[in-house]
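Asks: In my numbering, the protein residues as written are 4 to 159.
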Amino acid sequence: MAFGGLEQGGDSGPMADINTTPLVDVMLVLLIIFMITAPLLTHAVRIDMPEASSSPNREAPETVSLALDADGRLYWNDEQIEGASLPALLALAAARLPQPELHLRADRETRYQTLAEVMSMAQRAGIRQIGFVTVPTVDANGTASPPTARTLSAGD
4 MAFGGLEQGG DSGPMADINT TPLVDVMLVL LIIFMITAPL LTHAVRIDMP EASSSPNREA
64 PETVSLALDA DGRLYWNDEQ IEGASLPALL ALAAARLPQP ELHLRADRET RYQTLAEVMS
124 MAQRAGIRQI GFVTVPTVDA NGTASPPTAR TLSAGD
């Protein structure tokens, strides 16, 4: 009688490994069953939502136009102003309620540094919305596209 020795016979005894093939088959069948039945088990909860009694008051804000030409001259609502008076005008506009939107129109040849300084003054004055106004472009047929304004808020 040999306990734990190597036997040379054809019968080596019972197999000690677990056969996982039936386990995988059962798990795949369960997965398919859950995938089919899960969408059918959703329960919709009925909620009666309240209806709004009035529409929101969304008025277009007043606008202030500030133009810069190629020579660095400034125009406040189409009236030429001195550069030294711009911070005071911006502060007055920022103090008004509701605060107007500042529309900037800059000549194509305006230096970027000048435009950046004006925008910095507007920010320091407390202007929260600045819009860039462009001139309509004319295509080959002579039709002009409408002018556009891109508005930036203080968080942009």
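We put the CB at the ideal spot given by N, CA and C, even for glycine.
Output needed for W79: all residues of its chain with C-beta closer than 7 angstroms, excluding positions within five of it in sequence on either side, in chain order.
Replies: Locating residue 79 in the sequence shown gives position 76, where the first residue counts as 1. L69 and L92.
Asks: For the alpha helix (DSSP H) containing E104, name the first residue and the last one.
Replies: Numbered from 1 along the sequence shown, position 101 holds the residue referred to as residue 104. Where E104 is concerned, there is no enclosing alpha helix (DSSP H), although the beta strand (DSSP E) it sits in stretches over E104 to A109.
Asks: Would you say P103 and E65 are within 7 angstroms of each other, going by their C-beta atoms?
Replies: As a working mapping, residue 103 is identified with position 100 in the sequence shown. As a working mapping, residue 65 is identified with position 62 in the sequence shown. Against a cut-off of 7 angstroms, the Cβ pair of E65 and P103 comes out as a contact.
Asks: Under DSSP, the alpha helix (DSSP H) around T40 begins and ends at which residues?
Replies: Residue mapping note: residue 40 aligns to position 37 of the sequence shown, counting from 1. Per DSSP, T40 belongs to the alpha helix (DSSP H) from T24 to T40.
Asks: With distance defined between alpha-carbon atoms, name the residue in L26, V48, T117 and L95 nearest to G75.
Replies: Translated into the one-based positions of the sequence shown, residue 75 becomes position 72. Looking at the Cα atoms, T117 is the closest of the given residues.
Asks: If you count every other CB in all the chains shown that lies within 10 Å of the CB of I21, and 16 or more means buried, which is it?
Replies: Indexing the sequence shown from 1 puts residue 21 at position 18. The residue is exposed, with fewer than 16 neighbouring Cβ atoms inside 10 Å.
Asks: My assumption, with CB atoms under 8 angstroms, is that L105 sits in contact with Q126. Please give the rounded CB distance.
Replies: As a first step, residue 105 must be located in the sequence shown, where it is residue number 102. As a first step, residue 126 must be located in the sequence shown, where it is residue number 123. No, L105 and Q126 are not in contact; Cβ-Cβ is about 10 angstroms, not under 8 angstroms.
Asks: Alpha carbon to alpha carbon, what distance is there between D142 and V67?
Replies: By 1-based counting over the sequence shown, the position of residue 67 is 64. By 1-based counting over the sequence shown, the position of residue 142 is 139. If you take the alpha carbons of V67 and D142, they lie about 29 angstroms apart.
Asks: Taking 7 angstroms as the limit between beta carbons, can you name the residues of its chain near A97, skipping five residues before and five after?
Replies: For the purposes of this step, residue 97 is identified with residue 94 of the sequence shown, where counting begins at 1. Result list for A97: A128, G129 and I130, in chain order.
Asks: What do you reckon, are the CB atoms on L214 and F135 nearer than 7 angstroms?
Replies: Nothing about residue 214 can be reported from this structure: the residues present for the chain run from 4 to 159 only.
Asks: Is it buried or exposed, A19, if we count other Cβ atoms within 10 angstroms and call 16 or more buried?
Replies: The residue given as residue 19 occupies position 16 in the sequence shown. Counting Cβ neighbours within 10 Å, A19 comes out exposed, since fewer than 16 surround it.
Asks: So for T140, helix, strand or coil by DSSP?
Replies: The residue given as residue 140 occupies position 137 in the sequence shown. Of the three classes helix, strand and coil, the one that applies to T140 here is coil, per DSSP.
Asks: Please list the terminal residues of the continuous alpha helix (DSSP H) segment that includes L95.
Replies: Walking along the sequence shown from the start, residue 95 turns up at place 92. Unbroken alpha helix (DSSP H) run through L95: L89 to A98.
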